[in-house]
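Chemist: The structure under discussion is supplied below as structure tokens; questions concerning it will follow.
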């Protein structure tokens, strides 16, 4: 499967900030806006700070905001200000074919996994990166900002994640897909999850007990989704503590992937913790001796 890379950004290009999921705190939004405006022209819809319970406004507002950004050929990147919940409520009503005609970078994580999966199964790469929490609040905010700008402007550069924990040894190569584990399970339940053969999965989650992680991985296995997987790279499972039975998340990850007979690495530097390195979903990656190497495409 060959992925299309949207065009690299240049200073002064137009980008859109969107809130497709949960509501964003105004002070954090304006911090993020100020930083991005220092390098790009920014399009913001008037209702981006709307609130409707746990949503950033109603479904129509969020759908129209994303649709407008996707359909505008002058927009080079669509950046989600935060995750939360809500993307799955509108994912089936977005103009995906328009995005395919005019590819642009989708940037986000967590709940935005539902959007990444739709973009990636149309053979377009996207960027897994944090929003206001990682770009404004984290002690690594400057690193996260540099990561995002590097990927937006130089997406063809190679980079590595070295010295990861090896849960199951081996090597593999393939296109990288994934994101938030709970969103992969939800997307599978909706009948919208599709992987190319040999895909390498990148998975993380937050505030999920080990038994729930077991249940989600088991659901993906029983659904046949892990049959095509050539390797797994686990990021951080933030705030996932052993329950009363004392079973750790690492034990669950080892046990649930033991029979897949594929390389499985863990502790990659992405997830909901303070350290969340950005990376390109759809990249061609090589897993070898605990190191993940990202390249633009197969053979380069």
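Numbering (the UniProt record's numbering), first residue to last: 1 to 300. The beta-carbon is built from N, C-alpha and C at its ideal position, and this holds for glycine as well.
#1: Who pairs with residue 77 in a beta bridge, going by DSSP?
#2: Count the other C-beta atoms from every protein chain shown that fall within 10 angstroms of the C-beta of residue 189, then say buried if there are 16 or more, exposed otherwise.
#3: Which class does residue 143 belong to by DSSP, given the choice of helix, strand or coil?
#4: So, under 8 Å CB-CB, residue 136 and residue 28 are touching, yes? Tell me the CB distance rounded to an integer number of Å.
#5: Do you know how far the Cα of residue 80 is from the Cα of residue 242?
#6: Is the segment 143-153 close to the segment 201-219, with three or more CB pairs under 8 Å?
#7: Could you tell me if residue 259 is buried or exposed, where buried requires 16 or more neighbouring beta carbons within 10 angstroms of its beta carbon?
#8: Whole-angstrom Cβ separation of residue 1 and residue 263, contact assumed at under 8 Å?
#9: Mind reading off the beta-carbon distance from residue 270 to residue 128? Whole number of angstroms is fine, and I expect it under 8 Å.
#10: Whole-angstrom Cβ separation of residue 110 and residue 176, contact assumed at under 8 Å?
#11: When you compare the segment 65-84 with the segment 160-168, are there three or more beta-carbon pairs, one atom per stretch, that lie closer than 8 Å?
#12: Which residue wins for smallest C-alpha separation from residue 130, given the options 62, 124, 106 and 122?
#13: Once you ignore the five residues that flank residue 293 on each side, which residues in its own chain have a CB closer than 6 Å to its CB?
#14: Rounded to the nearest angstrom, what separates residue 3 and residue 256 at their Cα positions?
#15: Do you know how far the Cα of residue 230 is from the Cα of residue 61?
#16: Is residue 93 helix, strand or coil by DSSP?
#17: Report back the beta-carbon spacing between residue 234 and residue 253 to the nearest angstrom; my notes put them in contact at under 8 Å.
#18: Going by beta carbon distance, what residues of the same chain come within less than 6 Å of residue 247, once the five residues before and after it are set aside?
#19: Report the partner residues of residue 202 according to the DSSP bridge assignment.
#20: Within 10 Å of its beta-carbon, does residue 12 have 16 or more other beta-carbons around it, so buried, or fewer, so exposed?
#21: For residue 116, which of helix, strand or coil comes out of DSSP?
#22: Whole angstroms are fine: how far does the CA of residue 93 sit from the CA of residue 32?
#23: Residue 45: which of 8, 20 and 220 sits nearest, CA to CA?
#24: Check each candidate in 68, 100 and 89 and name the one with the smallest Cα separation from residue 7.
#25: Are the CB atoms of residue 155 and residue 54 nearer to each other than 8 Å?
#26: Enumerated in chain order, which unbroken segments of the beta strand (DSSP E) with a length of 3 residues or greater are wholly contained in the segment 34-78?
#27: Residue 281 and residue 125: beta carbons closer than 8 Å?
#28: Given a cut-off of 8 Å on the beta-carbon distance, is the pair residue 118 and residue 96 in contact?
#29: How should residue 222 be labelled, buried or exposed, when 16 other C-beta atoms within 10 angstroms of its C-beta is the threshold for buried?
#30: On the CB-based measure, 16 or more other CB atoms within 10 Å of its CB, does residue 266 come out buried or exposed?
Modeler: Looking at the atomic coordinates:
#1: 15 and 105
#2: exposed
#3: helix
#4: 5 Å
#5: 32 Å
#6: no
#7: exposed
#8: In this structure residue 1 is not in contact with residue 263, their Cβ atoms being roughly 19 Å apart against a cut-off of 8 Å.
#9: 7 Å
#10: Contact flag wrong, Cβ pair sits at about 17 Å.
#11: no
#12: 106
#13: 160 and 286
#14: CA-CA distance, residue 3 to residue 256, rounds to 29 Å.
#15: 39 Å
#16: helix
#17: 6 Å
#18: 210
#19: 178 and 233
#20: exposed
#21: In the three-state reduction of the DSSP assignment, residue 116 falls in the helix class, which pools H, G and I.
#22: 28 Å
#23: Out of 8, 20 and 220, 20 has the C-alpha closest to the C-alpha of residue 45.
#24: Ranked by Cα distance from residue 7, the first of 68, 100 and 89 is 100.
#25: no
#26: 41-44
#27: Cβ atoms of residue 281 and residue 125: closer than 8 Å.
#28: Cβ atoms of residue 118 and residue 96: closer than 8 Å.
#29: exposed
#30: buried
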